[in-house]
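According to the UniProt record's numbering, the sequence shown holds residues 1 to 275 in order.
What follows is a set of notes on a single structure, which appears directly below.
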Amino acid sequence: MATSNSHRAPGRAITPLRHSGRALRGTGGAAVLGTVLLGSAFAGGTAQAAPAVPASTPAVASPAAAPAAPTPAKALHSSKKLRWGSQGSSVEKLQSALNKEGASLAVDGKFGKLTHGAVKDYQRDNGLQVDGVVGPETRGSLNGGASVGGAGTSVPTQGASSSSSSGEAIVDAARTQIGASYSWGSSKPGVSFDCSGLTQYAYKQVGIDLPRTSGQQVAAATQISKSEAQPGDIVVWPGHMGIYAGGDKVVDAGRSPGAVTERTIWGNPTFITFR
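What follows is the structure, given as C-alpha cells:
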C-alpha cells in the first residue's frame, strides 16, 4: 500500500502561483498579473511608468519688429505768409488742410473771403491770433506742430532784402499813377482811382492780389506800429488809405486834392502790412 508522503522538503514552503483570471493595475496603469509587472520595470522595488515621449514643440517665431510710425505729412511746406489775395498751390494745400479741420472750401487756390473766414475760424478755435493771415504759428498748428522745414530743420522766413525790394516796387508802382484823378470806386491806370483802388493796383504790380475795398484790405492785413512800417506798407485813416513811401510820406488817391499825390502823413493813422 502506498503511503502518501506527508513530508516536505526541508526549507521554505513554496506557495503555488495562482491565476486569479483578472488583471490588476499597477502604478502608471501598467497591467500586473499576480506579482508579475507587465510593460513596466522595477526600480527599487517600486513600479514606475515609462516616461512619456514629449510631443514635438513647434518653433515659435520671434515677433517681428513693429514698423516705425510714419511721420505725419505736413499740410503746408511754404514759409511764405498766405493771406487774402494769395494764389497758387500753397493756397490749395491750405484749403485742403482747413477742410480736414471742418471747413467746406472749394480747393481752387484762391485766398478770398471764404478762405479768409475759415482761417479766422481755425485760429479762434485753436487759441491763435485771429488775423486771417497764415504765418508761422498758424502754419505750424496746421502741420500738427511740426517745423515747416521737416524734422530738425527750420526754414528761414523771407529775407529782409526781398521784402524791402518788393516794398520799394509797390511804392514805385503807386508813384507811376501820380496825377491820375480821384474817382470813387474807380481803378483805371493813368485815368482815375479811389484810395483802395490805388493800393490794390500797386500791390498787383508785384504779384500780390488784395481785396477791393479798404475795409476788406484792413481785415486781411496785420496791424503794425509806425516804427515797424516799411515802404510799401499801407497807411490807414478812417475811410481812407494810401501807400507808405517811407519817412513821413504817403502816396494816395484822395478826395482832396482830388488826385493821386505823394504828400506828408497827417493826423494819427494806423499802419498795416501784407508782409
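Virtual Cβ for every residue (Gly too), placed ideally from N, Cα, C.
Using only the alpha-carbon positions, how far apart do residue i and residue j sit?
i: residue 309; j: Ser164; result: Any property of residue 309 remains undetermined from this structure, which presents the chain solely from 1 to 275.
i: Gly127; j: Arg139; result: 13 angstroms
i: Arg255; j: Thr270; result: 19 angstroms
i: Gln205; j: Asp108; result: 22 angstroms
i: Arg83; j: Pro211; result: 10 angstroms
i: Lys120; j: Thr273; result: 17 angstroms
i: Trp184; j: Gly197; result: 9 angstroms
i: Ser214; j: Ser79; result: 27 angstroms
i: Leu142; j: Thr115; result: 14 angstroms
i: Ser192; j: Thr199; result: 13 angstroms
i: Ile265; j: Ser89; result: 38 angstroms
i: Lys81; j: Thr222; result: 11 angstroms
i: Ala180; j: Ala118; result: 37 angstroms
i: Phe111; j: Gln87; result: 6 angstroms
i: Gly247; j: Gln217; result: 23 angstroms
i: residue 294; j: Val91; result: Absent from the structure is residue 294, since the part of the chain shown begins at 1 and ends at 275.
i: residue 296; j: Ile224; result: Here the chain has residues from 1 to 275 only, and residue 296 is not among them.
i: Ala245; j: Val251; result: 7 angstroms
i: Ser227; j: Ser186; result: 32 angstroms
i: Asn99; j: Leu105; result: 6 angstroms
Apart from the five residues just before and just after residue i, which ones in its own chain have a Cβ nearer than 6 angstroms to its Cβ?
i: Ala202; result: Ile170, Ala173, Ala174, Ile243
i: Ala43; result: Note on Ala43: pLDDT 43, under 50, position unreliable in the model; the coordinate value appears next. Counting only Cβ-Cβ distances below 6 angstroms, and skipping sequence neighbours, we find nothing.
i: Arg124; result: Val130
i: Ser96; result: Val107
i: Ser166; result: Val206
i: His240; result: Cys195
Taking 7 angstroms as the limit between beta carbons, can you name the residues of its chain near residue i, skipping five residues before and five after?
i: Lys93; result: Ala75, Leu76
i: Ile208; result: Gly85, Phe274
Tell me residue i's beta-bridge partners as DSSP assigns them.
i: Leu82; result: Val134
i: Gly182; result: One detail in the question is off: residue 182 reads as Tyr in this sequence, not Gly. DSSP output for Tyr182 lists Phe193 as bridge partner(s).
i: Tyr244; result: Val250
i: Ile234; result: Ile243, Ile272
i: Arg263; result: Val250
i: residue 314; result: One cannot answer for residue 314 here, as it falls past the ends of the chain, which runs 1 to 275.
i: Gln87; result: Lys110
i: residue 290; result: No statement about residue 290 is possible, as the shown extent of the chain runs from 1 to 275 and does not include it.
Does residue i come out as helix, strand or coil in the three-state DSSP assignment?
i: Arg212; result: coil
i: Ala253; result: strand
i: Thr176; result: coil
i: Gln205; result: coil
i: Gly117; result: helix
i: Arg124; result: helix
i: Thr199; result: helix
i: Leu142; result: helix
i: Leu94; result: helix
i: Glu168; result: helix
i: Gln217; result: helix
i: Ser227; result: helix
Once you ignore the five residues that flank residue i on each side, which residues in its own chain have a CB closer than 8 angstroms to its CB?
i: Glu137; result: Leu128, Gln129
i: Ala220; result: Arg83, Trp84, Gly85, His116, Gly132, Val133, Leu210, Pro211, Phe274
i: Val236; result: Ser214, Val218, Pro269, Thr270, Phe271, Ile272
i: Gly190; result: Gln177, Ala180
Check whether chain B comes within 8 angstroms of residue i, counting only Cβ atoms and requiring the distance to be less than that.
i: Phe274; result: Given the protein chain composition of this structure (a single chain), no chain B is represented.
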